[in-house]
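For the sequence shown, the numbering used here assigns the number 574 to the last residue and increments by one with no breaks.
Where is the CB? At the ideal position from N, CA and C, for every residue including glycine.
Everything below concerns the one structure shown next.
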Amino acid sequence: FCASPVCSPARASILTGQMPSQHGVQDFLRAGNSTILPEDGKTIQYLEGRKTYTEILADNGYEVALSGKWHIGDSATPQAGFSYWNVHTTGSGDYYDAPMFTDGELYTSDGYFSDVITNNAISYLDDQKASDRPFSMNVHYTAPHAPWGREQHPNELYDDYFENCPFETVRWDPIHPNHLLKEGSSGSVGSTTEERRKLLSGYFAAITAMDENIGRLLDWLEANELRENTLIVFTADNGMSMGHHGIWGKGNGTYPANMFDTAVKVPTIISRPGHVPEQHVERNLLSHYDIFPTILDYVRLGYLIGDIRDSLLGTSFAGILDGDPQLGDRPVVVFDEYGPTRMIRTQSLKYVHRYPDGPNEFYDLANDPNETVNAIDDIAFRSIIRNMNKQLQEWFDRYTEPERDGSKQEVKGRGQLDLVGGEEQAFAQDITFMRDL
């Protein structure tokens, strides 16, 4: 599970092991990433003063590199321990001729962006082959983020999906009543068969191109006899509804924000042949905030967490990666937040609480895995809902930093403009519902 169902907060949580109500990144960063856009005017290092696991790696002999998406502020300046820095200026956009920063210099990339990200990563790895230092290569694709038009992706991939794939297994529901209008949209997103096929063709073309590029990275590791000595972690910053629940978007596809599984569940594959058990499917509930302690434990640096341990939320699952099937005292719930919307989830139950006055949601996932019936008013679940609400409140009360408390922020899913708690309005408020068109 992600820690927040939108890019920037989720990415900040992976790096810091904290929730948005701690690190303060509570929406996608619409400003502060660079000064090349008129609405920016300044850059902001949103994680300044926050310890990241990549910094700990860098401080202990690792070459830490980033190719692709950063989107946590000030894209021109290497941060968080990264010594190699070749990143998108804002976080996403056109797949061709993407603007990028490296060594503080702005340039326009040449080619399809997923290819560019991979090319840069492989070039860096080639340069490091002679080094005896271990590396942490962070390859962050923007795919499969929009845009999904045919002109944005390799035409042969797009056309193959559009012409030959019926998308029968992709759920398609009537447009959600709280669906927000996307900037530049006509308001008819996914509402006809033709429009749906266009969107899904671009989405899956982006995924296929990314998959092919990951194969190139694996081939490089094999060719350089590093595959068995490299831990590979594949995940995504958030989920995505592609017509599911009538939503074409993430947690901010609606207002109030949604916490459907399609938004908060993320793929996670971890591989190291001969070391990490193959074909093992882990059924425990794991979260992005578990990655910080897990990575450091796996490389035997967990003891360095030190004085920030009390601010970390996660539990290491490095034991699983070492072949121990027992996690021991594993939490049986995961938590999520997006501004004033918070979630607590077990294997079979989900409670969503919205501050200050709702509407709240409860799903009996064992009998309703697709979350089609909000059972918040079902008397049979009254005691369970009360207990889950209590557990949710206590957990966030324990970890929330009061000045960054997301439950008190006006997060509308339209973007974060500044640091929380400053003199400026921190969150954009320009929402338009599709139903109002």
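Just verifying my parser: in three-state terms, what is the DSSP assignment at residue i?
i: M274; result: strand
i: F518; result: helix
i: Y536; result: helix
i: Y199; result: coil
i: K335; result: helix
i: S141; result: coil
i: F299; result: helix
i: S260; result: helix
i: M379; result: strand
i: E560; result: coil
i: T279; result: coil
i: L546; result: The sequence given here places Gln at residue 546; Leu does not occur at that position. Residue state, collapsed to three classes: coil.
i: M237; result: strand
i: V489; result: strand
i: I209; result: coil
i: F570; result: strand
i: E531; result: helix
Within a Cβ cutoff of 7 angstroms, which residues of the same chain sit near residue i, ignoring the five residues on either side of it in sequence?
i: T431; result: S453, F454 and A455
i: A373; result: V403 and P404
i: D434; result: S453 and A455
i: A565; result: R167, K549, R551, G552 and L554
i: Y340; result: P281, W285 and M379
i: Q216; result: Q182 and L184
i: R576; result: With the chain running from 138 to 574 in the structure shown, residue 576 is simply not present.
Quick one: residues in its chain with C-beta nearer than 8 angstroms to the C-beta of residue i, no 5 flanking neighbours on either side, listed in chain order?
i: S323; result: Confidence is the limiting factor: at S323 the pLDDT is only 47, short of 50, which leaves the residue's position unreliable, though a coordinate-based value still follows. Taken in chain order, the list of residues that qualify is empty.
i: V557; result: G161, Q163, E540, R541, Q546 and A563
Thinking C-beta only, is residue j closer than 8 angstroms to residue i?
i: G543; j: S150; result: no
i: I181; j: G210; result: yes
i: Y278; j: M347; result: yes
i: K549; j: Y392; result: yes
i: D534; j: G169; result: no
i: S448; j: Q155; result: yes
i: T226; j: S212; result: yes
i: A147; j: N375; result: yes
i: V470; j: T478; result: no
i: W385; j: V307; result: no
i: I259; j: W357; result: yes
i: I406; j: L458; result: no
i: T191; j: F219; result: yes
i: I223; j: M237; result: With the sequence shown as reference, residue 223 is identified as Asn, and Ile is not the correct amino acid for it. Against a cut-off of 8 angstroms, the Cβ pair of M237 and N223 comes out as a contact.
i: D473; j: V401; result: yes
i: L243; j: I351; result: no
i: Y295; j: S338; result: yes
Below 6 angstroms CB to CB, which residues in the same chain sit around residue i once its five sequence neighbours on both sides are set aside?
i: Y500; result: K487 and E508
i: N389; result: V143 and G550
Under 8 angstroms by Cβ, that's how I've got residue i and residue j pegged, so tell me the actual separation to the nearest angstrom.
i: Y199; j: P311; result: Contact flag wrong, Cβ pair sits at about 49 angstroms.
i: L438; j: N197; result: 6 angstroms
i: H290; j: A343; result: 6 angstroms
i: T569; j: L318; result: 4 angstroms
i: A503; j: S520; result: About 17 angstroms; that fails the 8 angstroms criterion.
**Request:** List in chain order: all unbroken beta strand (DSSP E) runs of 3+ residues lying wholly within the region 342–372.
**Result:** 369–372
**Item:** Secondary structure, alpha helix (DSSP H): runs of 4+ residues fully inside the region 423–459
**Value:** 428–435 and 455–458
**Message:** Threshold first: 4 residues or longer. Then list the alpha helix (DSSP H) segments lying entirely within the region 154–195, N to C.
**Reply:** 157–160
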